[in-house]
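Using UniProt numbering, read the sequence shown as starting at 1 and increasing by one per residue. The C-beta atom is built at its ideal place from N, Cα and C for all residues, glycine as well. The structure presented is a predicted model; accordingly, all values stated were derived computationally and were not measured.
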Amino acid sequence: MNLPARRVSVAPMMDWTDSNCRVFHRQLSRHTWLYTEMVTTGALLHGDVARHLDFDAIEHPVALQLGGSEPQDLARAAKLGEQWGYDEINLNCGCPSERVQRGAFGACLMAEPELVADCVKAMRDVVQVPVTVKHRIGIDDVESFSFVEDFVGKIAQAGCSTFIVHARNAILKGLSPKENREIPPLKYDYAYRLKQAFPHLEILINGGVKTLDEVALHLQHVDGVMLGREAYHNPYVLAEVDARFYDDPAPVKSREAVEDALIEYAAAQVGKGQYLGAITRHALGLYRGVPGARGWRRILSDPKRLKAGIGAFEEAREQLRAGALADRDRNDARDGHEVSSLASA
């Protein structure tokens, strides 16, 4: 399989980027790299492998993000990921949650670059797909560029050639994961400097990116940009990625075309016994900024309507049509008022 460059990707996000979400995002962009939620080695080695690793073929290119710190466990989990068809194995060295820290992985691993190097080597020894690392620029009050430069340098020696840099420090004590995404200041220049220090490595930047214009600016300095919450809450931002960053001549899909594809997918999944809300929750932002979007969100998050089945989509569409008509009427009324005012003058 010829895989696209990692110019644009959607971040692994717990409770969000499950298979349903990734299938939805794939309707918007054929080339954007998609990432699973973090899956711990314990969940894979001692749990339901199929529940954690099964995915739809349409999701390619798709990466499996692993959480763990024991090299041999990570090697076994990475091998499972490769066997299930994932295109990349990514090691989480950026999550600051206390639960993750109790498991001795995530952002706290940045304090142990030698261990991370051992983990990367163990995985690379057993898989052919790329092994990558997602990390912060520092932990707690350690904010010097030399810290993250040393971290990346040591991991690169173990054979990792792709680093996804969340350009914030991780505060391991006193801040929630949400606060860790917002309070530590962004230092994009650290990611830029990493690319300058290691020109042979692939450096991707993550954190606070909201528009494709911002993506284009970052791509002047690094190899790729990873979108996070913006891609989830405003998914239509992905619609122009292929044309802008992959020179794909295919026309940009309309929101309605994306919705049609989602309905077809949802009908098939509901037919297999899946709850419709597990699919629609990822598409609540599809019409963000469009008249009637509030009604769309309300219908597709209402448990009673969702239990009734696929018909909820038609109800949601009616809300969009009603919103569009109301918006047109408001504009007509405003224009009429302006004309009347000019005539009176």
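Boundaries (first-last residue) of the beta strand (DSSP E) holding LYS154: Element bounds for LYS154: not the beta strand (DSSP E) but the alpha helix (DSSP H), 145-157.
Three-state secondary structure (DSSP) of ARG7: coil
Proximity below 8 Å, CB of LEU66 to CB of LEU91: yes
Residue interval of the beta strand (DSSP E) (run including MET226): 224-227
Proximity of GLU240 and ASP223 at Cβ, strictly below 8 Å: no
Assumed close pair LEU45, ALA77 - CB separation to whole angstroms, cut-off 8 Å: 6 Å
Own chain partners of VAL100 with C-beta closer than 7 Å, once the 5 adjacent residues on each side are dropped: GLY67, GLY106
Rounded Cβ spacing between LYS210 and GLU230 (contact assumed at less than 8 Å): 5 Å
Minimum C-alpha distance to PHE313 - residue among GLY271, ALA267, LEU325: ALA267
Expected contact under 8 Å - CB spacing of ALA75 and ALA122 to nearest Å: 4 Å
Simplified DSSP assignment, three categories, for TYR275: coil
Burial state of SER176 (16 or more Cβ within 10 Å): exposed
Contact under 8 Å by Cβ, THR40 with GLY81: no
Buried or exposed (CB count within 10 angstroms, at least 16 for buried), ASN2: exposed
Per DSSP, cross-strand counterpart(s) of TRP33: SER9
Residues sharing a beta bridge with GLN65, DSSP: ASN90
HIS200 to SER161 span [Cα, whole Å]: 8 Å
Spatial distance of VAL62 from LEU34 (CA atoms): 5 Å
The region 232-247 in contact with the region 270-281 per 3-pair CB rule at 8 Å: no
8 Å Cβ cutoff met for LEU64 and ILE89: yes
Three-state class that DSSP yields for VAL252 in the structure shown: coil
Pairwise C-alpha distance: SER254 and residue 357: With the chain running from 1 to 345 in the structure shown, residue 357 is simply not present.
Option nearest GLY153 by Cα separation, candidates ASP125, ALA283, ARG193: ARG193
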